[in-house]
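Residue numbers (our numbering): 1 to 126. The C-beta atom is built at its ideal place from N, Cα and C for all residues, glycine as well. On a predicted model such as this, the values are computed, not experimentally measured, just so you know.
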Ligand code: HEC
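Structure below.
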């Protein structure tokens, strides 16, 4: 009896790990869907933007650097020499922005750590 209880617990732990591993992949997939829907018109699906109109996000130090400035840019938009980047704080929630920013930090050749909904919530309050 004890053996089966142990086996059952091990199975549960394995299943939970598997589920967590999958949710990591799902986050990037969800981020990609949000990107395609909201960002790709300007920044393109390949993240390379459009010359002198929309900056490339691929290989962009702001995107792969400290997470706060990139989260703030997505939340509040940005007005600069190229034009107006729209704000997303009223359209996308913390979870969606975390997935989206994680995607642009890890897509193409970008390699930066994931962003959590808690980090988005903290930046939103500032
Ligand atoms: C209507 C076109 C448009 C859309 C849609 C758009 N952006 Fe932008 N984005 C811009 C422009 C223009 C800039 C540059 C503003 C400037 O500096 O003049 C920019 C800048 C940025 C920057 C800062 C890049 C840098 O080097 O300063 C990031 C990050 C970014 N956008 C991410 C996103 C994400 C993520 C989305 C989707 C949620 C998105 N953008 C949707 C037009 C757009």
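Spatial distance of residue i from residue j (CA atoms)
| i | j | result |
| --- | --- | --- |
| residue 113 | residue 36 | 21 Å |
| residue 20 | residue 67 | In this predicted model, residue 20 has a pLDDT of only 46, less than 50, meaning its place in the structure is not dependable enough to derive any value. |
| residue 53 | residue 44 | 12 Å |
| residue 123 | residue 72 | 6 Å |
| residue 108 | residue 115 | 17 Å |
| residue 22 | residue 38 | Summary for residue 22: the model assigns pLDDT 44, below 50, so the residue's position carries little reliability; its value from the coordinates is reported in the next sentence. Cα to Cα, residue 22 sits roughly 24 Å from residue 38. |
Local conformation of residue i per DSSP, three classes
| i | result |
| --- | --- |
| residue 50 | strand |
| residue 126 | coil |
| residue 83 | strand |
| residue 112 | coil |
| residue 65 | coil |
| residue 29 | helix |
| residue 136 | In the structure as shown, the chain starts at 1 and stops at 126, and residue 136 therefore has no counterpart that could be examined. |
Residue i and residue j closer than 9 Å at C-beta
| i | j | result |
| --- | --- | --- |
| residue 96 | residue 30 | yes |
| residue 27 | residue 98 | yes |
| residue 92 | residue 74 | yes |
| residue 47 | residue 57 | yes |
| residue 86 | residue 80 | no |
Residue i - containing beta strand (DSSP E), residue span
| i | result |
| --- | --- |
| residue 79 | 78–80 |
Element boundaries [alpha helix (DSSP H), containing residue i]
| i | result |
| --- | --- |
| residue 100 | 94–106 |
| residue 56 | From DSSP, residue 56 is part of no alpha helix (DSSP H); its letter is neither H nor E. |
| residue 40 | 40–43 |
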